[in-house]
Ligand code: NAD
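Residue numbers (this note's numbering): 94 to 594.
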């Protein structure tokens with residue numbers, strides 16, 4: 094392993110990366126059963142900066158056993174709700190105390206600017222744990238007045254209990270490594286579930302550091318187990334007969350594999366999948382807001398957002414002004430390593446992702462699209478791609494239909510307001526959408542007709558732990574965050590008492 098050279102990395106982060114990392118099973122950090130490990134790459138340089146254990150099926154079996162034992166006999170599930178709250182809140186406090194460190198870890202591992210990681214990924218993760226810390230004391234059942242027509246004269250008391258679903262497998266992607274872990278762990282901890290978490294192989298580092306804080310917070314051993322590695326441990330979790338539920342965030346393609354793998358024991362499933370979100374700019378929009386807003390919608394996190402506003406529909410009268418404005422913003426974005434304070438956009442997460450995005454750009458340009466700005470990979474080293482605005486695109490082009498997951502927006506004009514909804518909804522996805530207009534009635538009418546789990550009006554990428562997030566159509570099943578997510582981590586038990594017994 095070459096030692097970490099990332100400019101600006103603090104001593105604790107350097108020391109953390111210079112360690113060889115292991116799996117968290119129960120209270121122990123252990124090597125993979127195979128002894129194998131894989132290289133962690135800094136995407137800004139392409140250099141190996143750490144090593145993580147390459148978990149396999151046997152490791153998943155060990156982790157599930159630890160999670161099962163912690164669920165059935167550990168103190169976790171039967172802790173007083175206020176005590177579970179206190180421990181989750183303590184984890185949030187520890188994360189806050191180490192916020193700078195986590196921002197650096199995300200920056201080196203994923204490529205995103207440290208400043209952005211601090212303000213969004215880390216801040217939202219802290220908020221997620223705090224929001225979820227409020228729930229253990231509020232997971233109430235109901236009393237239900239029942240009639241039982243075939244038992245005249247009988248008297249019953251019926252009530253419902255909300256119980257944890259059990260052992261949960263959580264498989265997450267690389268675009269917001271810490272935040273995706275927080276979105277998943279928060280509700281599992283709040284409801285009393287136990288967990289086997291598998292971070293993405295491109296970005297295992299922040300989850301491993303979080304694992305250390307989870308133990309430090311006093312969350313009992315076995316409640317959270319962490320198995321690093323690629324598709325093999327992911328598939329083993331999805332198929333495992335003793336996992337009660339899988340919560341997956343990633344591509345629609347892998348989501349479908351997980352549905353098949355989960356059929357063996359009919360485990361519960363929630364899926365947060367891909368997107369190709371429409372962003373609609375009407376001619377009456379405040380363009381001083383809409384132009385930077387449309388640029389932010391696609392270029393935030395280098396376009397590596399499942400909800401990125403990647404299809405920009407602009408009313409014809411203002412088309413030229415908006416695309417030129419977005420192209421100008423794109424042209425000014427300063428690319429560089431995430432730890433450089435001047436950097437506004439980092440590299441793609443991996444060489445594979447850089448190749449995928451470049452492939453889409455080549456296909457679009459070959460099919461007749463025109464790049465107003467950008468259009469290719471860039472930089473001598475690292476996995477950089479230029480922020481790109483494509484015009485002259487057709488609805489059937491791959492760049493319009495498929496998720497690129499990079500800093501590439503396709504811009505298309507429409508004439509009348511009623512023309513835009515059918516094209517905006519013409520996608521297999523339904524994760525998010527944007528609307529820009531000064532007409533409040535039109536804004537709400539459009540929001541109501543867009544087939545998407547989140548709609549932003551005169552804003553974009555507004556997230557909060559209290560707001561549910563998830564997809565229509567092939568963008569997923571279920572919701573993350575808000576109180577809706579708790580339904581996915583609990584079973585409802587109906588208890589009936591004979592009052593005359
Ligand atoms: P991916 O589906 O390739 O990988 C996601 C995770 O699944 C990784 O941990 C990976 O190791 C694991 N995995 C891979 N093959 C598996 C298998 N056969 N069985 C079980 N697990 C397996 O996705 P990615 O490329 O890492 O992430 C990008 C995708 O994630 C994009 O499509 C994006 O839209 C989506 N995403 C969605 C959301 C959301 O909330 N809807 C958020 C972030 C990313």
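All C-beta atoms in this analysis are idealised placements derived from N, C-alpha and C, irrespective of residue type, glycine included. All of these numbers come straight from a predicted model, not from anything done at the bench.
Under the assumption that residue i contacts residue j (Cβ atoms under 8 Å), give the Cβ distance between them as a whole number of angstroms.
{"i": "residue 273", "j": "residue 406", "result": "Residue 273 to residue 406, Cβ: 29 Å. No contact."}
{"i": "residue 180", "j": "residue 310", "result": "6 Å"}
{"i": "residue 396", "j": "residue 500", "result": "4 Å"}
{"i": "residue 497", "j": "residue 453", "result": "5 Å"}
{"i": "residue 130", "j": "residue 107", "result": "That pair is no contact at about 19 Å."}
{"i": "residue 442", "j": "residue 267", "result": "5 Å"}
{"i": "residue 262", "j": "residue 331", "result": "7 Å"}
{"i": "residue 270", "j": "residue 358", "result": "Actually they do not touch by this definition, with Cβ atoms about 28 Å apart."}
{"i": "residue 105", "j": "residue 194", "result": "6 Å"}
{"i": "residue 146", "j": "residue 116", "result": "5 Å"}
If you draw a straight line from the alpha carbon of residue i to that of residue j, how long is it in whole angstroms?
{"i": "residue 222", "j": "residue 515", "result": "39 Å"}
{"i": "residue 286", "j": "residue 341", "result": "16 Å"}
{"i": "residue 475", "j": "residue 419", "result": "25 Å"}
{"i": "residue 550", "j": "residue 527", "result": "6 Å"}
{"i": "residue 219", "j": "residue 259", "result": "24 Å"}
{"i": "residue 434", "j": "residue 205", "result": "11 Å"}
{"i": "residue 546", "j": "residue 553", "result": "13 Å"}
{"i": "residue 563", "j": "residue 283", "result": "20 Å"}
{"i": "residue 125", "j": "residue 111", "result": "18 Å"}
{"i": "residue 560", "j": "residue 207", "result": "25 Å"}
{"i": "residue 457", "j": "residue 465", "result": "13 Å"}
{"i": "residue 609", "j": "residue 134", "result": "One cannot answer for residue 609 here, as it falls past the ends of the chain, which runs 94 to 594."}
{"i": "residue 370", "j": "residue 477", "result": "23 Å"}
{"i": "residue 486", "j": "residue 463", "result": "8 Å"}
{"i": "residue 391", "j": "residue 356", "result": "36 Å"}
{"i": "residue 94", "j": "residue 196", "result": "Confidence in residue 94 is poor, its pLDDT being 40 and thus under 50, which makes the residue's placement unreliable; the coordinate value appears in the next sentence. Approximately 22 Å between the Cα atoms of the pair."}
{"i": "residue 541", "j": "residue 393", "result": "25 Å"}
{"i": "residue 470", "j": "residue 323", "result": "26 Å"}
{"i": "residue 404", "j": "residue 502", "result": "6 Å"}
{"i": "residue 96", "j": "residue 142", "result": "The predicted position of residue 96 is uncertain, since its pLDDT is 47 and thus under 50; a value taken from the coordinates is nonetheless stated next. Answer to the nearest angstrom: the Cα atoms are 6 Å apart."}
{"i": "residue 495", "j": "residue 399", "result": "12 Å"}
{"i": "residue 149", "j": "residue 189", "result": "32 Å"}
{"i": "residue 166", "j": "residue 173", "result": "15 Å"}
Which same chain residues, not among the five before or five after residue i, have their C-beta less than 6 Å away from its C-beta?
{"i": "residue 530", "result": "375, 377, 378, 536"}
{"i": "residue 581", "result": "363, 571"}
{"i": "residue 101", "result": "432"}
{"i": "residue 227", "result": "none"}
{"i": "residue 109", "result": "none"}
{"i": "residue 177", "result": "229"}
{"i": "residue 513", "result": "373, 406, 507"}
Taking 8 Å as the cut-off, does the CB of residue i come closer than this to any heavy atom belonging to ligand 1?
{"i": "residue 423", "result": "no"}
{"i": "residue 592", "result": "no"}
{"i": "residue 268", "result": "yes"}
{"i": "residue 562", "result": "yes"}
{"i": "residue 347", "result": "yes"}
{"i": "residue 444", "result": "no"}
{"i": "residue 324", "result": "yes"}
{"i": "residue 667", "result": "A query on residue 667 cannot be resolved here, the shown segment of the chain reaching from 94 to 594 and no further."}
{"i": "residue 342", "result": "yes"}
{"i": "residue 498", "result": "yes"}
{"i": "residue 294", "result": "yes"}
{"i": "residue 573", "result": "yes"}
{"i": "residue 273", "result": "yes"}
{"i": "residue 518", "result": "no"}
{"i": "residue 217", "result": "no"}
{"i": "residue 117", "result": "no"}
{"i": "residue 367", "result": "yes"}
{"i": "residue 400", "result": "yes"}
{"i": "residue 330", "result": "yes"}
Cutting at 7 Å between CB atoms, please list the residues of its own chain near residue i, excluding the five before and the five after it.
{"i": "residue 586", "result": "253, 254, 256"}
{"i": "residue 160", "result": "260, 287, 288, 289, 315, 318"}
{"i": "residue 157", "result": "260, 289, 333, 335, 336"}
{"i": "residue 185", "result": "219, 222, 223, 226"}
{"i": "residue 183", "result": "310, 311"}
{"i": "residue 510", "result": "375, 535"}
{"i": "residue 155", "result": "118"}
{"i": "residue 169", "result": "163, 285, 287, 313, 316"}
{"i": "residue 523", "result": "544, 545, 546, 564, 565, 566, 568"}
{"i": "residue 385", "result": "422"}
Give a single yes or no on whether residue i has its beta carbon closer than 8 Å to a heavy atom of ligand 2.
{"i": "residue 134", "result": "In the structure on display, ligand 2 does not appear, and the ligands it does have are ligand 1."}
Using a Cβ-Cβ cut-off of 8 Å (strictly less than) and excluding sequence neighbours within five positions of residue i, which residues of its own chain qualify?
{"i": "residue 558", "result": "217, 220, 221, 223, 224, 225, 279, 574, 575"}
{"i": "residue 591", "result": "247, 248, 249"}
{"i": "residue 191", "result": "302, 306"}
{"i": "residue 583", "result": "232, 255, 256, 257, 258, 284"}
Measure from the C-beta of residue i to each C-beta in chain B and report whether the shortest distance is under 9 Å.
{"i": "residue 168", "result": "No chain B appears in this structure, which consists of one protein chain only."}
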